[in-house]
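Enquirer: My structure is below; once you've seen it, I'll send some questions.
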Amino acid sequence: MKKLLMILMFTLLPLSLSAQAALAAGDGPSKDMLKGIITEVHAPERTITFQKDDTKELITLALGEKMQPEDIKLNQKVLINLDKHAETGNVMKDVSIMFIDMTVSKLLALLVIGAIGGLLSGFIGSGGAFVMTPAMMSLGVPGAVAVASNMCHKFPKAMVGAYKRWKYGQADIKLGLVMAVTAVIGVQIGIKIQKYILAQFGGAGSNLYISAVFMVVLVFVGGYVFYDAWKLAKGSGEATVGKLALRMQKINIPPMIHFKTANITISAWITIPIGVLTGMLAATIAVGGFVGVPGMIYVFGVSAVVASATELIIAFVMGAWGSVQWGLSGLIDIRLALLLLATSLIGVQLGALGTTYVKDYIIKVVMATTMLIVAISRGVKVPGYLADLELISPLEPGTIALFEGISFWALVVALGSAGLIIIVAMIKGMTADSRSKKTILGVSNG
Amino acid sequence: MTITTFDKNMSAIAFAEAGEHDTARQILDGKTSKKQPRKSPAPVAKRKPYLATIIFGTISLFAYILLFTNEKLVTDIFTMGGWRWMYPVGAAFFFSFIHGAFASNLLSALGLEAKK
Chain A
14 MKKLLMILMF TLLPLSLSAQ AALAAGDGPS KDMLKGIITE VHAPERTITF
64 QKDDTKELIT LALGEKMQPE DIKLNQKVLI NLDKHAETGN VMKDVSIMFI
114 DMTVSKLLAL LVIGAIGGLL SGFIGSGGAF VMTPAMMSLG VPGAVAVASN
164 MCHKFPKAMV GAYKRWKYGQ ADIKLGLVMA VTAVIGVQIG IKIQKYILAQ
214 FGGAGSNLYI SAVFMVVLVF VGGYVFYDAW KLAKGSGEAT VGKLALRMQK
264 INIPPMIHFK TANITISAWI TIPIGVLTGM LAATIAVGGF VGVPGMIYVF
314 GVSAVVASAT ELIIAFVMGA WGSVQWGLSG LIDIRLALLL LATSLIGVQL
364 GALGTTYVKD YIIKVVMATT MLIVAISRGV KVPGYLADLE LISPLEPGTI
414 ALFEGISFWA LVVALGSAGL IIIVAMIKGM TADSRSKKTI LGVSNG
Chain B
56 MTITTFDKNM SAIAFAEAGE HDTARQILDG KTSKKQPRKS PAPVAKRKPY
106 LATIIFGTIS LFAYILLFTN EKLVTDIFTM GGWRWMYPVG AAFFFSFIHG
156 AFASNLLSAL GLEAKK
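Just so you know, the sequences run in chain order A and B.
When the first sequence is numbered by this note's numbering, its final residue is 459 and no position is left out of the sequence of numbers.
When the second sequence is numbered by this note's numbering, its final residue is 171 and no position is left out of the sequence of numbers.
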């Protein structure tokens, strides 16, 4: 069986690498982005002199229509987006300062979201990414830097979480690696689809696509997980392997792989599509775990505790891979990554040990709650995108502001409620555990 | 004075009624002086890793201070791209080991352990 696994890994890895080479930029930044320092502003001509970071070459760029010369800051590292639709190639679309000034309030905000994101991650295997990136962007971090820094904080967090849960006997390393390799391929496919949509329908079309995927996956999968968790909560609380998973386990197409910790034997042909979908979703909405974990539970027949632990291995491999990509382009703000890590490394270990005190279905409850609330946060953005595409009449500024507010607060509520459920379930589990220990002690003492 | 079996039993009963079951058993067994080590189902409390928490915490704090006092230099070098991807990725690994060990010891020191 080991042989078959090795064959599978060695055939899939070069495949993914060649896909990576073909895409060149991979999941890194777009080619219309420049990184460097603005050395001079020529206000009358509305041009700037820009020194590229990598080649140190000096180039002249024209300011975009909406940009003002006095807004340009000199001698600071900036990211410049070029206007793709301009007649001459060197027109700027926007400019953003790469490194935000780290004030005390920003520092505290990063520490708080780090802690809750970590707790969630340790408990359900994924989490935080959907809130970390927008949160960093609202602190003034440019989008690409926010994605890159989140990636660089995600893989060490996942590594520590995976190690802890492996020590508790919950993580299936083999399943994690098999899923991770196929997920890397899924990421490439996901990026290709995104690029196609971006080229065909522009930014608003791409946003609409992302939101639609978000909504469909989160509402359907999250809804099902919630229904399942609710059934378990009403019943004995003990999960049984579902009918679909039992049917899948009976499909005997070689190579069949046995996963010891997960305690299943399943055909690689079943694990591949789930892995690919996980990667595709990760490339589209940045949270592959929302398909990966339910996939492992309902299609493979793995328990929620093992599935969420195994997801951390997938997150580690994919996060490390992504970090190298973003690091090659030099877009990681290490300060952001390390500040998030300062508290998320505590949170992830707390979440991991929390899983040893709760019943399997609590993990499903937390996962479903998060997914459904995050769906709301994306759903309210859809009308805006539809208006951008001129499919509906333009929205009032007040309505846009309201939707933005709902979207942001839904994310806060998602994180907050998930954190609360985890803490309450954990305290309950710990109290029950210490009470039962005391009872045993009391009985033995006479 | 010799203690008869009757005396022994009576004093054992007196202790047992007072809730001192161990003493009562000891009297009945005739071992009044030496205490037998008793097997307990509850694990003996492990020593909490205060020292390790402090050591890893200090290293981690020092590393954070070092990074933030040289903020400009670090951010410039770490974002040069190319092979320098090793800097941010390496730093993330370094912090995950040091700070991760601190976090792990901190939780143990606070008495938060996984269920056995």
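Glycine included, C-beta positions come from ideal geometry on N, C-alpha and C.
In this text the structure is predicted, and so the values were computed from the model without any measurement.
1) Roughly how many angstroms separate the alpha carbons of Pro307(A) and Ala328(A), rounded to a whole number?
2) For a test of the three-state rule: what should DSSP assign to Val254(A), helix, strand or coil?
3) Beta-carbon of Lys90(B) versus every beta-carbon of chain A: anything under 9 angstroms?
4) Examine chain B for any beta-carbon lying closer than 9 angstroms to the beta-carbon of Lys90(A), and answer yes or no.
5) Taking the beta carbon of Ile126(A) as the centre, do at least 16 other beta carbons fall within 10 Å, making it buried, or is it exposed?
6) I need the boundaries of the beta strand (DSSP E) containing Asp107(A), first residue and last residue.
7) So which residues on chain B does Gln362(A) lean against when the C-beta distance must stay under 7 angstroms?
8) Just curious, the alpha helix (DSSP H) that Asn64(B) is in, first and last residue?
9) At which residues does the alpha helix (DSSP H) containing Ala431(A) begin and terminate?
10) Once DSSP output is grouped into helix, strand and coil, what is the label at Met269(A)?
11) If you check the beta carbons only, do Pro143(B) and Ser109(A) fall under 9 angstroms apart?
12) What beta strand (DSSP E) runs, 3 residues minimum, are completely inside the stretch 274-327 of chain A?
13) For Val254(A), collect the residues of the same chain with a Cβ closer than 6 angstroms to its Cβ; drop the 5 residues on either side in sequence, then sort them by chain order.
14) Please identify, using Cβ separations under 8 angstroms, the residues of the stretch 118-132 of chain B that lie next to chain A, in order along the chain.
15) Using three-state DSSP, classify Glu126(B) as helix, strand or coil.
16) Over what stretch of residues does the alpha helix (DSSP H) that includes Asn163(A) continue unbroken?
17) Going by alpha carbons, who is nearest to Phe48(A) out of Ala147(B), Ser163(B), Thr134(B)?
18) Could you tell me how far apart the beta carbons of Asn103(A) and Ala75(A) are, in whole angstroms, since I believe they sit closer than 8 angstroms?
19) With 9 angstroms set as the bound, which would you pick, yes or no: does the beta-carbon of Ala37(A) sit closer than that to a beta-carbon of chain B?
20) Between the stretch 343-359 of chain A and chain B, which residues of the former have CB atoms less than 8 angstroms from a CB of the latter, in chain order?
21) Got a sec? Which residues, its chain only, sit under 7 angstroms from Tyr398(A) by beta carbon, not counting five neighbours each side?
22) Looking at chain A, is there any beta carbon in it that lies within less than 9 angstroms of the beta carbon of Lys103(B)?
23) Can you tell me whether DSSP reads Gly218(A) as helix, strand or coil?
24) Below 8 angstroms on the Cβ atoms is my guess for Val226(A) versus Thr297(A); work out the distance and round it to an integer in Å.
25) Please classify Glu324(A) as buried or exposed, where buried requires at least 16 other C-beta atoms within 10 Å of its C-beta.
26) Do Thr62(A) and Asn88(A) have their CB atoms nearer than 9 angstroms?
27) Anything in the stretch 321-341 of chain A with a Cβ closer than 7 angstroms to a Cβ of chain B? List those residues in chain order, please.
28) Using C-beta distances below 7 angstroms, list every residue in its chain close to Val379(A), excluding the 5 sequence neighbours before and after it, in chain order.
29) Buried or exposed: which applies to Val117(A), given that a residue is buried once 16 or more other Cβ atoms fall within 10 Å of its Cβ?
30) At the level of alpha carbons, what is the spacing between Ser88(B) and Ile110(B)?
31) Does any residue of chain B have a CB that is nearer than 9 angstroms to the CB of Met145(A)?
32) Taking a contact to mean a Cβ-Cβ separation below 9 angstroms, would you say Ile279(A) touches Met269(A) in this structure?
33) Hey, could you find the ends of the alpha helix (DSSP H) Met150(A) is sitting in?
34) Does Trp339(A) pass the burial test, meaning 16 or more other C-beta atoms within 10 Å, or should it be called exposed?
35) Rounded C-beta distance between Ser321(A) and Lys170(A)? I'm assuming under 8 angstroms.
36) Identify every residue that forms a DSSP beta bridge with Val91(A).
Expert: Considering the structure as presented:
1) For Pro307(A) and Ala328(A), the gap between their C-alpha atoms comes out near 15 angstroms.
2) Val254(A) carries a coil assignment under DSSP once its states are collapsed to helix, strand and coil.
3) Note that Lys90(B) scores 49 on pLDDT, short of 50, meaning its location in the model is unreliable and no value can be drawn from it.
4) With its beta carbon less than 9 angstroms from one in chain B, Lys90(A) belongs to the interface.
5) Burial call: buried.
6) Counting along the chain, the beta strand (DSSP E) containing Asp107(A) begins and ends at 105-110.
7) Ordered by position in chain B, the residues that pass the 7 angstroms Cβ test against Gln362(A) are Ala158, Ser159, Leu162.
8) 60-72 is the extent of the alpha helix (DSSP H) around Asn64(B).
9) Ala431(A) -> alpha helix (DSSP H) spans 410-457.
10) Note: Met269(A) maps to strand in three-state DSSP.
11) No, they are not a contact pair.
12) Taking 3 residues as the shortest admissible run, the stretch 274-327 of chain A contains the following complete beta strand (DSSP E) segments, listed from N- to C-terminal end: 277-280.
13) Gly314.
14) The stretch 118-132 of chain B vs chain A, Cβ under 8 angstroms: Tyr119, Leu122, Phe123, Glu126, Val129, Thr130, Asp131.
15) Glu126(B) falls in the helix class under three-state DSSP.
16) Start and end: 156-180.
17) Reading the sequence as shown, one finds Lys at residue 48(A) and not Phe. Lys48(A) has its Cα closest to that of Thr134(B), out of Ala147(B), Ser163(B), Thr134(B).
18) With a Cβ gap of about 6 angstroms, Asn103(A) and Ala75(A) count as contacting.
19) Its pLDDT being 34, under 50, Ala37(A) is placed unreliably in this model, and the coordinates cannot settle the point.
20) Listed by position along the chain: Gly343, Leu344, Ile345, Asp346, Ile347, Arg348, Ala350, Leu351, Leu354, Ala355, Leu358, Ile359.
21) Only Ala217, Asn220, Leu221, Ser224 meet the Cβ criterion.
22) Taking CB atoms only, Lys103(B) has no neighbour in chain A less than 9 angstroms away.
23) Three-state DSSP puts Gly218(A) in a helix.
24) Here Val226(A) really is in contact with Thr297(A); their C-beta atoms are around 5 angstroms apart, less than 8 angstroms.
25) Counting other Cβ atoms within 10 Å of its Cβ, Glu324(A) reaches 16 or more and is therefore classed as buried.
26) Not a contact, by the Cβ cut-off of 9 angstroms.
27) Result list: Ser336, Val337, Gly340, Leu341.
28) Hits under 7 angstroms: Phe136, Ile137, Ala431, Ile434, Ile435.
29) By the neighbour-count rule (16 or more Cβ atoms within 10 Å), Val117(A) is not buried but exposed.
30) Unreliable positioning characterises Ser88(B) in this predicted model, as indicated by a pLDDT of 47, which lies under 50. A coordinate reading is not provided.
31) Not closer than 9 angstroms to any Cβ of chain B, the Cβ of Met145(A) fails to qualify, so no.
32) The criterion of a C-beta distance shorter than 9 angstroms is satisfied by Ile279(A) and Met269(A).
33) Judged by DSSP secondary structure, Met150(A) falls within the alpha helix (DSSP H) whose first and last residues are 142-151.
34) By the 16-neighbour rule on beta-carbons within 10 angstroms, Trp339(A) is buried.
35) Between Ser321(A) and Lys170(A) the beta-carbon gap is near 14 angstroms, outside 8 angstroms, which marks them as no contact.
36) Partner(s): Gly49(A), Ile110(A).
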